[in-house]
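Line order of the protein sequences matches chains A and B.
Be aware that the first sequence starts at 5, since it is given in this note's numbering, and climbs by one per residue.
Be aware that the second sequence starts at 5, since it is given in this note's numbering, and climbs by one per residue.
Cβ coordinates follow ideal geometry from the N, Cα and C atoms, glycine included.
Working notes, beginning with the structure itself.
2 protein chains.
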Amino acid sequence: MSKTGLKVFAPATVANVAVGYDILGFAIDQPGDEIIIKHGKEPGIKITKITGAKQKLPYDVSSNCAGYAAQKVLDHLGEPDRPFEIELYKKMGLGTGMGSSAASAVAGAMAVNEMMGNPLTKRQLLPFAVAGEEIADGAYHADNVAPSLLGGVTLIRDNATLDVHKIHVPKGIYITMIHPQIEILTKDSRAVLSDQVTLQQTIAQTGNIAGFVLGMFNSNFDLIKRSLTDHIIEPQRAQLIPQFYAMKEEALSLGALGFSISGAGPSMFAFCSDSLAAENIMNAAYRIYNEAKIECSSFVTKINERGALRL
Amino acid sequence: MSKTGLKVFAPATVANVAVGYDILGFAIDQPGDEIIIKHGKEPGIKITKITGAKQKLPYDVSSNCAGYAAQKVLDHLGEPDRPFEIELYKKMGLGTGMGSSAASAVAGAMAVNEMMGNPLTKRQLLPFAVAGEEIADGAYHADNVAPSLLGGVTLIRDNATLDVHKIHVPKGIYITMIHPQIEILTKDSRAVLSDQVTLQQTIAQTGNIAGFVLGMFNSNFDLIKRSLTDHIIEPQRAQLIPQFYAMKEEALSLGALGFSISGAGPSMFAFCSDSLAAENIMNAAYRIYNEAKIECSSFVTKINERGALRL
């Protein structure tokens, strides 16, 4: 157990990844939420500081992702009243589609576990972090939480049982993140989705997710490229994101293996096999959104293989 | 080129494999169709003999899977009038769900290619064999043809472009095939399927196909077992097969990793991690169908890694 305090980092994530709605996600190197945790004076978790959030985030532990996840870990360890103070440094906005709530929840669970001397493995922390994100999102699903915690590209075969597996990441993958400065709430983004899919769409999507997994395993970039087409979710959500198809067309013409919506949007990601394509796509994003007079941030990053960690 | 004649073998196959409707299939060691091919006297392909078919199969090359595929290969090679005589030895019935038409089409394409001195690779024969099967089935899809030709477990990411890939097969997999002696035509079996699927079913199915591919790669039998559940097709088709659920329950309780319908049925397959479970399931099949007074054949086989070959 740490005698004074410590700092943890939990990375942003891209969920869905075009072909794995609710079952696929990956972590990126930056940004990521940070938590500083110290011993406290009053029983249980107390949130003493939140910075970097555009929206007002709750300090109440029972409705804050990080606080809730942290408290759940304490409860599980049979030490619900152990006094800890948490400072939450948000590095990404809510509603960006980069797994903001998940990163906070993961950081909260990690922080307490580190302070307690790591009684739990990362894998064992997963349900508590998922419960933390559920506070914000209303859904018990791990497609952001699992990659933020464990790193890499993760398959969540089944969310209810947290049947989570890491997928091999080929060398040389670069990611361009593009974030037009509009806000889409996950619940709004879910509301546009039909609960019906055609059998043909399902056949195409199962072929593509299988092709993606196989392509990743074999470092077969051509197969990854052919596989990264979303027949189901993207066509329904693209309408919520200005310039989506212009951006996608440009990204693919610049060599992206795939381009789609990050999580519930509005962020988008380009999946690239080299840094040049990734940088060209970043530049194209600034040009396209500048022309459309929409504020935008874009950056090139890599897949984060380590996941959450103590800094 | 062979001066006299030769014999080829194309194995039976299991398509769909629970979680890969239209996109997944595997070949089994036995049974398989055989073709003897010889030089003929009249221009083009001539079918001179068909044995083993319960139903009357056409001798007309344009409507026989084997003949059509064979002729397509000749056409492609620019030698449409090269005279060949084909004898087709059927080892499985039409409508069994074991890829009977596909095996014949593959054998036809292979036979001509072998006689011509192997100008084409197996991969290059694929479209001609698929075209041959289409004669019988009415659909251009490779989930039986690809594994019969290439062997192993094959993913057909996309049928239209024949984007076909082999999936690693862990050591120790045994298959029990169970064939109650009723006939289901593929077109009837397709007719019971709704063209709508729920989004939740699709999420579950994409999770499972990805889990299956990952489990096969990592020889993770537990993951394969959790993944081999069909949320979409099996519940709709099971009604066509007497005793399906009794058989499935027994197979799973005897240790099968998965149990589902082979192709369009009525054959069923159990996917097992050892031969004992596979044999016990075979014995259970005889017991269950004997009690139900339905004739049944069942056998234990392995996944055929070689695919079609010259004998």
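Please state if the CB of residue j and the CB of residue i are separated by a distance shorter than 8 Å.
i                   : j                   : result
valine 12/B         : isoleucine 51/B     : no
arginine 161/A      : serine 198/B        : no
alanine 135/B       : alanine 73/B        : yes
glutamate 146/A     : phenylalanine 132/A : For the record, residue 146/A in the displayed sequence is alanine; it is not glutamate. It is not a contact, given that the beta carbons lie outside the stated cut-off.
lysine 94/B         : threonine 158/B     : no
isoleucine 320/B    : phenylalanine 88/B  : As shown, chain B starts at 5 and ends at 315. That puts residue 320/B outside it, with no answer to give.
alanine 268/B       : alanine 274/B       : no
isoleucine 182/B    : methionine 272/B    : yes
proline 239/B       : glycine 101/B       : no
alanine 70/A        : alanine 109/A       : yes
aspartate 300/A     : isoleucine 179/A    : It is cysteine, not aspartate, that sits at residue 300/A in the sequence shown. No.
isoleucine 27/A     : alanine 22/B        : no
glycine 176/B       : aspartate 278/B     : yes
threonine 121/B     : proline 84/B        : First, the amino acid is wrong: residue 121/B is glycine here, not threonine. Going by C-beta atoms, glycine 121/B is not nearer than 8 Å to proline 84/B.
leucine 92/B        : lysine 53/B         : yes
glutamine 243/B     : tyrosine 293/B      : no
arginine 310/A      : glutamate 118/A     : no
glycine 219/A       : asparagine 148/A    : no
isoleucine 245/B    : proline 184/B       : yes
phenylalanine 221/B : histidine 172/B     : yes
leucine 4/A         : glycine 99/A        : Lying before the first or after the last residue shown, residue 4/A is absent from chain A, which here runs from 5 to 315.
threonine 233/A     : glycine 24/B        : no
leucine 130/A       : alanine 312/A       : no
Say whether chain A places a C-beta atom closer than 8 Å to the C-beta of residue i.
i                   : result
phenylalanine 132/B : no
threonine 206/B     : yes
valine 173/B        : no
isoleucine 4/B      : With chain B running from 5 to 315 in the structure shown, residue 4/B is simply not present.
arginine 291/B      : no
Can you confirm whether residue i, when its beta carbon is compared against all beta carbons of chain B, has any partner nearer than 8 Å?
i               : result
glutamine 240/A : no
glutamine 128/A : no
glutamine 316/A : What the structure shows of chain A is the stretch from 5 to 315, and residue 316/A is not part of that stretch, so it cannot be assessed.
What are the boundary residues of the beta strand (DSSP E) that includes residue i?
i                : result
threonine 305/B  : 300–306
leucine 1/B      : Coverage of chain B is limited to positions 5 through 315, which leaves residue 1/B absent and any answer about it impossible.
tyrosine 93/B    : 88–93
glycine 262/A    : 262–265
threonine 55/B   : 49–55
methionine 272/B : 272–276
In chain B, which residues lie less than 9 Å from residue i when you measure between Cβ atoms?
i               : result
histidine 169/A : Ala214, Gly215, Leu218, Gly219, Asn222, Asn224, Leu227
tyrosine 25/A   : Leu203, Thr206, Ile207, Thr210
What residues of chain A sit near residue i, judged by a beta carbon separation below 8 Å?
i               : result
glutamine 209/B : Thr206, Thr210
Any heavy atom of the ligand NAD closer than 7 Å to the beta-carbon of residue i?
i               : result
histidine 183/B : Among the components modelled here there is no ligand, and therefore nothing to report on the ligand NAD.
Strictly below 8 Å CB to CB, what residues from chain B border residue i?
i                : result
isoleucine 236/A : Leu203, Thr206
Run down chain B in chain order and give the residues with a C-beta less than 7 Å from the C-beta of residue i.
i             : result
serine 231/A  : Arg161
leucine 197/A : Leu203
At what residues does the alpha helix (DSSP H) containing residue i begin and finish?
i                : result
alanine 109/B    : 104–119
isoleucine 200/A : Note on identity: in this sequence residue 200/A is glutamine, with isoleucine being the wrong assignment. Careful: glutamine 200/A lies outside any alpha helix (DSSP H), inside the beta strand (DSSP E) at 200–202.
lysine 342/A     : Residue coverage of chain A in this structure runs from 5 to 315, which leaves residue 342/A outside it and unanswerable.
glycine 71/A     : 69–80
proline 151/A    : 149–154
alanine 14/B     : From DSSP, alanine 14/B is part of no alpha helix (DSSP H) but of the beta strand (DSSP E) over 9–19.
alanine 281/B    : 279–295
Item to check | Within the region 160–198 of chain B, ranges of the beta strand (DSSP E) (whole runs, at least 3 residues) | outcome: 167–171, 178–184
Item to check | Runs of alpha helix (DSSP H) lying entirely within the region 221–248 of chain A, each at least 4 residues, in chain order | outcome: 225–231, 238–241
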